[in-house]
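Chemist: I have a structure I would like to understand better, so I am pasting it below and will then ask my questions one at a time.
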Amino acid sequence: MNGGSAKVDYHDAVGVVRLTGEVDISQAQELRGHLLGAVRNEDLGLVVDLTDATYIDSVGVSLLFELADKLAARQLQLAVVLPEGGLIERVLTIVNVASVAEIHRDVDDALSAIRGA
Amino acid sequence: MKSRIAADRLRDLQTITDAALAFLPLDVLLDELLTRVIEILGADTAAILLLDEDESELVARAAKGLEEEVERGVRIPLGRGFAGRIAATRMPVRILNLADADIFNPILREKGLESMLGVPLLVEGEVIGVLHVGTLRQRAFDEDDTELLQRAGDRAALAISSRLTEHERGLANALQRSLMPRLPQLPAVSLAGRYLPAAAARLGGDWYDAFALPDGRLGLAIGDVVGRGFHASAIMGQLRSGLRAYALDGMPPGEVLEKLNRLLRQLEPGRTATLVYIVLDPHGGGLVAAGAGHPPPLVNPADGEPWFAELPSSVPLGASRYVRYDELELELEPGSTLALYTDGLVERAGESLDTGLERLATTVSAGYANLEHLGDALVDVMLPEGAGDDDAALLVARAEVLGETLVARFPAEVESIPVMRRLLGRWLDEAGATRADVEDLMLASAEAAANAIEHAYGLESGVVEVRAWISGEGPVKVAIRDFGNWRAPRGTHRGRGLLLMENLADVVEVVRSDEGTTIELSRRLGAEVA
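One line per chain: the protein sequences are X and C, in this order.
Going by this note's numbering, the first sequence wraps up at 117, each residue one higher than the last.
Going by this note's numbering, the second sequence wraps up at 647, each residue one higher than the last.
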């Protein structure tokens with residue numbers, strides 16, 4: 001029921017952005033800043049954790065694509081963590097986020113995938 | 118001889134009640150009046166002190182021979198010393214020997230005054246200040262002196278009150294206008310508010326507010342700053358802004374009150390205020406409330422008895438440095454009414470508070486279909502003679518039953534999207550949709566609305582209409598309509614928006630006409646969508 005919010009944590013050389021609440025058109029500008037600002041020079045990649053997100057729309061999805069683009073240009077990886085079987089998964093499947101990011105079920109898997117790559 | 122004195126006396130009285138005085142500006146008038154009083158009574162000093170807005174202190178307003186009193190801005194608490202006693206008792210006071218008297222203001226002794234006479238300034242029986250004269254030599258003021266000074270006091274009071282009330286009336290009106298927030302218009306929740314200034318256009322500290330939060334929920338507030346007058350009103354205005362600012366940052370009610378407590382203690386130590394702040398989800402009915410020493414909100418369920426929602430025990434804002442304000446959560450079912458009010462609405466002289474609360478509950482549960490009518494009825498029933506000494510505020514909210522066909526219009530702005538989405542969600546819930554139906558249709562409709570908002574109007578403002586219905590035994594239909602010019606969706610995320618609509622609804626139809634564009638989504642409830 002809340003507007004979206006973003007929190008960044010760093011695990012060695014990988015940032016984890018946890019998006020909670022609604023990742024939508026009304027929150028996009030603010031979330032965009034958090035997402036793009038989360039990537040540091042020395043990082044290997046970025047994990048976007050949508051476990052506690054309740055909603056994502058096409059603008060939120062486009063943020064993920066934009067982020068993937070920017071990371072790819074710097075040879076960095078994007079991993080997205082999402083729970084199984086909810087609206088978020090349905091949406092990300094429809095738009096095929098898997099074409100630009102690795103999908104994982106939990107943050108630890110995503111972190112080791114990025115480190116192992 | 119006797120007639121000679123009587124003639125002097127008449128002349129003296131005329132000097133003081135001189136109609137020509139009325140044309141002078143207030144400061145000149147008071148100055149002139151003091152000069153004449155000194156002359157007639159053979160005094161050395163004269164001064165006028167007025168009760169401040171809080172009615173707790175006297176402030177020196179004009180003086181002759183005691184100019185320091187005005188220059189130093191002397192303030193005398195009601196009931197203390199010579200002038201304070203006159204104001205508190207509304208009776209003249211004579212002092213023969215100042216050395217023996219209880220005096221609060223040191224200037225009187227510094228000046229070397231020996232004897233004094235003071236009278237209350239009264240307007241319609243209410244004290245507004247004090248007029249006093251003093252002599253450097255001992256002088257026994259008599260009844261005649263007292264009567265004469267009282268006449269001069271009445272003349273001053275008349276002049277002051279007519280100017281003050283004009284001024285105050287203007288302020289009170291301006292304040293009242295600014296107190297009336299433009300209430301948000303929502304299909305799912307109706308709102309009505311009332312504010313009644315105290316009698317005699319006295320400024321007060323009551324207020325109410327209602328506003329949409331960025332996530333589509335509603336913020337509802339009512340409060341009462343303790344005290345009266347312009348100052349209490351100014352503090353109220355600041356608290357109101359503070360509340361909105363914290364609320365728009367997304368803070369929950371308890372935290373908002375904690376911040377406001379800190380704010381009030383900094384704005385004005387010693388000032389207290391009571392307040393209730395509620396966040397209401399218009400589309401789920403969930404309500405989170407926190408209160409700071411304020412009377413409990415009244416809940417009138419669609420079917421059932423009205424009850425007072427006692428909030429977790431709390432102290433007024435400003436009363437204590439570290440306070441935690443706990444929250445109460447409850448559901449406001451469709452058809453239920455919530456009433457927030459200040460004590461000015463339920464309190465009547467010579468009557469127990471319970472009687473007032475009972476009268477409130479009876480009126481709110483009387484079954485007014487239209488909330489504006491309920492607002493009028495509450496004012497009529499609760500305050501048949503208008504507000505008394507205290508001002509009063511009232512805010513009522515009702516969770517509306519949405520009905521079989523949902524029709525709602527929103528400003529064509531991005532901020533409308535979460536609101537529209539939730540409204541549709543509640544309607545779909547009522548229509549028996551599954552969680553996946555609700556989520557998918559909410560998202561598809563939000564995409565359609567986003568498309569209308571981004572493309573139909575350019576930079577102009579416009580309206581987006583949402584209509585939802587169940588077509589016979591068939592699917593749910595949601596139509597999102599704009600009244601602007603069609604322009605093909607562009608940009609990759611709009612492309613993705615169309616993709617989402619097509620996948621989340623069974624059928625997506627776009628109908629263009631001269632009057633605008635309608636995107637109609639249909640989906641069979643309970644069916645699996647690939």
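All residues carry an ideal CB built from backbone N, CA and C; glycine is no exception.
Keep in mind that this is a model prediction, so the values were computed, not measured.
Could one say the Cβ of R672/C lies closer than 8 angstroms to chain X's Cβ atoms, at least one of them?
Modeler: Since the first residue shown for chain C is 118 and the last is 647, residue 672/C is missing from the structure and cannot be characterised.
Chemist: Which same chain residues, not among the five before or five after A113/X, have their C-beta less than 7 angstroms away from its C-beta?
Modeler: A79, E102 and H104
Chemist: Unbroken alpha helix (DSSP H) runs of length 4 or more, entirely within the segment 488 to 565 of chain C: which are they?
Modeler: 488 to 499 and 533 to 547
Chemist: For I655/C and chain X, any beta-carbon pair shorter than 8 angstroms?
Modeler: There is simply no residue 655/C to check, as chain C begins at 118 and stops at 647 in what is shown.
Chemist: Tell me, please, whether the CB atom of V531/C is closer than 8 angstroms to any CB atom in chain X?
Modeler: Yes, its Cβ sits closer than 8 angstroms to a Cβ of chain X.
Chemist: Please list, in chain order, all residues of the same chain as M1/X whose beta carbon is under 6 angstroms from its beta carbon, the five residues on each side excluded.
Modeler: Note on M1/X: pLDDT 43, under 50, position unreliable in the model; the coordinate value appears next. Answer for M1/X: no residue qualifies.
Chemist: Should R611/C go down as buried or exposed, given a rule of 16 or more other Cβ atoms within 10 Å for buried?
Modeler: buried
Chemist: Tell me the DSSP secondary structure of D323/C in three-state form.
Modeler: strand
Chemist: Could you tell me if L470/C is buried or exposed, where buried requires 16 or more neighbouring beta carbons within 10 angstroms of its beta carbon?
Modeler: By the neighbour-count definition (other C-beta atoms within 10 Å, threshold 16), L470/C is an exposed residue.
Chemist: In the segment 48 to 71 of chain X, which residues sit with their C-beta less than 8 angstroms from some C-beta in chain C, listed in chain order?
Modeler: Y55, D57, S58, V59, V61, S62 and F65
Chemist: State the DSSP-derived secondary structure class of V627/C, mapped to helix, strand or coil.
Modeler: Strand, per DSSP.
Chemist: For D169/C, which residues in the same chain have their Cβ closer than 6 angstroms to its Cβ, ignoring the five residues on either side in sequence?
Modeler: V176
Chemist: Quick check on the DSSP output: the alpha helix (DSSP H) that includes R476/C runs from which residue to which?
Modeler: It spans L470 to V481 - the alpha helix (DSSP H) in which R476/C sits, taken as one unbroken run.
Chemist: Among V306/C, L320/C and A305/C, which has the Cα closest to the Cα of Y312/C?
Modeler: The shortest C-alpha to C-alpha distance from Y312/C to any of V306/C, L320/C and A305/C is the one to L320/C.
Chemist: Please return the same chain residues whose Cβ sits closer than 6 angstroms to the Cβ of A596/C, not counting the five positions on each side in sequence.
Modeler: R584, T635 and E637
Chemist: What residues in its chain sit with their C-beta under 6 angstroms from that of D129/C, if we drop five residues either side in the sequence?
Modeler: I157
Chemist: Between Q302/C and A274/C, what straight-line distance do the alpha-carbon atoms span, to the nearest angstrom?
Modeler: Those two C-alpha atoms are separated by around 47 angstroms.
Chemist: Answer yes or no: do D52/X and L560/C have a C-beta to C-beta separation smaller than 8 angstroms?
Modeler: Cβ atoms of D52/X and L560/C: not closer than 8 angstroms.
Chemist: Do you know offhand how far R115/X's Cα is from V16/X's?
Modeler: 13 angstroms
Chemist: Assign Y363/C to one of three DSSP states: helix, strand, or coil.
Modeler: helix
Chemist: Whole angstroms is fine: what's the gap from G354/C's alpha carbon to P386/C's?
Modeler: 16 angstroms
Chemist: Would you kindly report the start and end of the unbroken alpha helix (DSSP H) that includes P223/C?
Modeler: P223 to E227
Chemist: Candidates W586/C, F600/C and E571/C: which alpha carbon is nearest V580/C's?
Modeler: F600/C
Chemist: Going by DSSP, what residue range makes up the alpha helix (DSSP H) through R153/C?
Modeler: L143 to L158
Chemist: On the three-pair Cβ rule with 8 angstroms, is the segment 482 to 491 of chain C touching the segment 430 to 447 of chain C?
Modeler: no
Chemist: Determine the DSSP secondary structure at Q267/C, reduced to helix, strand or coil.
Modeler: helix
Chemist: Mind listing, in chain order, the continuous beta strand (DSSP E) runs of no fewer than 3 residues lying wholly within the segment 198 to 258 of chain C?
Modeler: The qualifying runs are 210 to 212, 232 to 240 and 243 to 252.
Chemist: On the criterion of 16 or more Cβ atoms from any shown chain inside 10 Å, does Y10/X qualify as buried, or is it exposed?
Modeler: exposed
Chemist: Please tell me whether R178/C and L167/C are closer than 8 angstroms, where the distance is taken between their beta carbons.
Modeler: yes
Chemist: Can you have a look at P83/X and say buried or exposed, based on whether 16 or more other CB atoms are within 10 angstroms of its CB?
Modeler: With fewer than 16 neighbouring CB atoms inside 10 Å of its own CB, P83/X falls in the exposed class.
Chemist: Do we get a CB-CB distance below 8 angstroms when we pair L44/X with the residues of chain C?
Modeler: No, L44/X does not count as interfacial toward chain C.
Chemist: At least one CB of chain X closer than 8 angstroms to the CB of L356/C: is that the case?
Modeler: no
Chemist: For S99/X, which residues in the same chain have their Cβ closer than 7 angstroms to its Cβ, ignoring the five residues on either side in sequence?
Modeler: none
Chemist: Which first and last residues belong to the beta strand (DSSP E) in which P370/C is found?
Modeler: Run containing P370/C: none in the beta strand (DSSP E); it sits in the alpha helix (DSSP H), P370 to L384.
Chemist: If you compare alpha carbons, which of I352/C, K228/C, L266/C and D259/C is closest to L253/C?
Modeler: The shortest Cα separation from L253/C among I352/C, K228/C, L266/C and D259/C belongs to K228/C.
Chemist: Please say whether A305/C and A516/C have beta carbons closer to each other than 8 angstroms?
Modeler: yes
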